[in-house]
Amino acid sequence: MEKIVIITGGSKGLGLGLANEYHKNGYRVFSIARTKLKKTYSIEQFTCDLSAPETIESTLLEIFKQLNAEQTEIITLINNAGDLGEINSLDQLNATAISYTIQVNLAAPLVLSSLFIKFTKGWAAKKKIINISSGAAVNPYGSWAMYCASKAGLDMVTKVIYKEQKSIKNGVKVVSIYPGIVDTNMQTKIRNTSKDQFKSVNRFINFFEKGELFTPEKVAEIIYNLDRSGALKKGKIIDIRKL
Ligand SMILES: NC(=O)c1ccc[n+]([C@@H]2O[C@H](COP(=O)([O-])OP(=O)(O)OC[C@H]3O[C@@H](n4cnc5c(N)ncnc54)[C@H](OP(=O)(O)O)[C@@H]3O)[C@@H](O)[C@H]2O)c1
Numbered sequence: 013m014e015k016i017v018i019i020t021g022g023s024k025g026l027g028l029g030l031a032n033e034y035h036k037n038g039y040r041v042f043s044i045a046r047t048k049l050k051k052t053y054s055i056e057q058f059t060c061d062l063s064a065p066e067t068i069e070s071t072l073l074e075i076f077k078q079l080n081a082e083q084t085e086i087i088t089l090i091n092n093a094g095d096l097g098e099i100n101s102l103d104q105l106n107a108t109a110i111s112y113t114i115q116v117n118l119a120a121p122l123v124l125s126s127l128f129i130k131f132t133k134g135w136a137a138k139k140k141i142i143n144i145s146s147g148a149a150v151n152p153y154g155s156w157a158m159y160c161a162s163k164a165g166l167d168m169v170t171k172v173i174y175k176e177q178k179s180i181k182n183g184v185k186v187v188s189i190y191p192g193i194v195d196t197n198m199q200t201k202i203r204n205t206s207k208d209q210f211k212s213v214n215r216f217i218n219f220f221e222k223g224e225l226f227t228p229e230k231v232a233e234i235i236y237n238l239d240r241s242g243a244l245k246k247g248k249i250i251d252i253r254k255l
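In our numbering, the protein residues as written are 13 to 255.
In structure tokens, the structure reads:
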């Protein structure tokens, strides 16, 4: 029997940490991202730009062609890929920049979750969706309008899927996770933003200088252990920093 993880953004940062952690623990891992890692024997990689909704279904279909319901013990979708978008006050942003971030952070997880639920209907395997959200879902930061809004929206997606699936026999389990401040390209981008564009930049520079960032490997291990313990269910919103 196989244990399967389909993760978006398994090419770098937290997603790569999660891909490696699940693989280490016996999972077959499929990653969906724009870029591929050159050397990896542990992740099956599919190229897809999640800002282009029309390619998402064909990518997921390609992955499901390789799977067998009867041979699957666990199947998990991790909606991890995310983009901060252009960091600036809303009046400085154009429609293309606004739509892009909402598409990657919110519309793509909605489409993927919809297809995942549809494609696994009737499977006897344990089924789960893990949405990688952010404390920005509940803390408004100036210059992050799309990021905050998309993560708040993602948490609501978690709650709605829970409501829809909870009374279905072997329905899909779902959670949102706030991973804390993780040492990835996303944090580098934040620290490199000018104070004119992002008033809270010094807060993030201080986190870095005080060594307060989690490594992607550590956060991946925490998430995997929560998953294994059975804690990831019931539409919960879990903040890693408050465990
Ligand atoms: N780092 C933090 O402190 C922090 C805090 C809270 C929440 N998070 C959340 O954690 C998740 C991972 O973030 P991270 O820090 O690891 O960021 P990251 O290092 O910037 O990685 C982002 C990942 O998303 C993928 N991605 C971005 N845009 C994409 C697109 N258009 N199509 C397909 N894939 C795309 C990237 O892959 P490609 O470039 O190969 O496409 C990459 O693998 C995000 O949802 C983020 O919001 C991070």
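We put the CB at the ideal spot given by N, CA and C, even for glycine.
Integer-rounded CB distance, given that residue j should sit under 8 Å from residue i
i      : j      : result
Ile16  : Thr71  : The Cβ separation is near 15 Å, so there is no contact.
Val169 : Asn151 : Not confirmed; about 19 Å, so no contact.
Gly247 : Tyr174 : 3 Å
Classification of residue i by the beta-carbon crowding that lies within 10 angstroms, buried from 16 upward
i      : result
Lys181 : exposed
Ala107 : exposed
Met158 : buried
Ser241 : exposed
Gly192 : buried
Asp103 : exposed
Leu255 : exposed
Lys140 : buried
Ala45  : buried
Proximity test, residue i beta-carbon vs ligand 1 heavy atom, cut-off 8 Å
i      : result
Arg46  : yes
Val194 : yes
Val123 : no
Ser101 : no
Ala120 : yes
Ser54  : no
Lys51  : no
Tyr190 : yes
Thr20  : yes
Leu244 : no
Pro228 : yes
For residue i, three-class secondary structure by DSSP
i      : result
Lys133 : coil
Tyr174 : helix
Asp167 : helix
Ile44  : strand
Contact with chain B by residue i, beta-carbon distance below 9 Å
i     : result
Phe58 : Here chain B cannot be found, since the structure has a single protein chain.
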